[in-house]
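Novice: Residue numbers (full-length UniProt numbering): 1 to 276.
1) Under the three-state reduction of DSSP, which class applies to residue 17: helix, strand or coil?
2) Whose C-beta lies closer than 7 Å to the C-beta of residue 224 among residues of the same chain, with five residues either side of it excluded?
3) Taking the CB atoms as reference points, tell me whether residue 113 and residue 200 lie closer together than 8 Å.
4) Around the Cβ of residue 129, are there at least 16 other Cβ atoms within 10 angstroms (buried) or fewer (exposed)?
5) With 16 as the cutoff for other CB atoms within 10 Å, does residue 186 come out buried or exposed?
6) For residue 138, which option in 102, 120, 150, 89 has the closest C-alpha, if you only look at C-alpha atoms?
7) For residue 188, count the other beta carbons within 10 Å of its own beta carbon; 16 or more makes it buried, fewer makes it exposed. Which is it?
8) Excluding the 5 residues flanking residue 220 on each side, which residues of the same chain have their C-beta closer than 7 Å to its C-beta?
9) Hey, how far is the Cα of residue 28 from the Cα of residue 254?
10) So, under 8 Å CB-CB, residue 36 and residue 62 are touching, yes? Tell me the CB distance rounded to an integer number of Å.
11) Which ranges does the alpha helix (DSSP H) cover as unbroken runs of at least 4 residues, wholly within the region 62-100, from first to last along the chain?
12) Looking only at C-alpha atoms, which of 100, 211, 206, 134 sits nearest to residue 192?
13) How would you write the range of the alpha helix (DSSP H) that residue 180 sits in, first residue to last?
14) Helix, strand or coil: how does DSSP classify residue 39 here?
15) Along the alpha helix (DSSP H) that carries residue 156, what are the first and last residues, could you check?
16) Any idea if residue 55 is buried or exposed, counting beta-carbon neighbours within 10 angstroms, 16 or more meaning buried?
17) Got a sec, what are the start and stop residues for the alpha helix (DSSP H) residue 203 sits in?
18) Could you have a look at residue 277 and say whether DSSP puts it in helix, strand or coil?
19) If distances are taken between C-alpha atoms only, which option among 17, 19, 30 comes closest to residue 227?
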């Protein structure tokens, strides 16, 4: 893959560079939550008032929709994080500190996407502990990825990044972190045994029940965490408007037969396959 910086002025914003990629990731991921929620509500599988996101993907048919859409989100997330990695690398090829952080960020991002695949395919009410591992990878490791990208934004200002984008990413990071803390504390209280057992399997709650307040705080925090995580990728739109990816094909011969006459010994022919 070949990365190029672009400056397109006479285009709609979504036509510039690869800006459509983070937008598609956010819209598709949000749709996977919302469509599963609507389906679960219509079929009375969960309560309408702020259920856990995972609860809306527990029972068929919404479970199937939830899994398929989140798997696609994971692949789009990998693509978005890889493009971001290539962009930072191209803009800072000789800065060792930024290069190391950039590689760490890519590794963390791929781990987060793998965790999303686990969430999609191992439902909460069936394999709870594996589902929790997936959630920790997605949002826990994902929060560290956001931290690394925020630090990179700080290190690249003002030459590459403006101060505004750094402060925006820092604000979203703090939003994500506060949601994680709120969800962790409320979940520990809820599942401590004070309010009964087998609450993991519980899909319907009565407002008069003990533990309902902790349950609502936990579910609201989960939705807040999910959308704070998605919002971070919206900050990539302006950056991605400046770049495009192209596939470069290198021909080592004029035929596809493995014969000595087919090899070109003096030069390689490069064909640009066009922007992806």
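Beta carbons are placed, not taken as given, at the ideal position from N, Cα and C, and that holds for glycine.
None of these values were measured; they are calculated from a predicted model.
Specialist: Looking at the atomic coordinates:
1) coil
2) 179
3) no
4) exposed
5) buried
6) Ranking 102, 120, 150, 89 by Cα distance to residue 138 puts 120 first.
7) exposed
8) 50
9) 42 Å
10) Right, their Cβ atoms sit about 5 Å apart.
11) 62-91
12) 211
13) Bounds of the alpha helix (DSSP H) holding residue 180 are 163-190.
14) helix
15) Unbroken run through residue 156: none, as it is neither H nor E.
16) buried
17) Element bounds for residue 203: n/a, residue is neither H nor E.
18) Absent from the model: residue 277. The displayed extent of the chain is 1 to 276, so no value can be given.
19) 30
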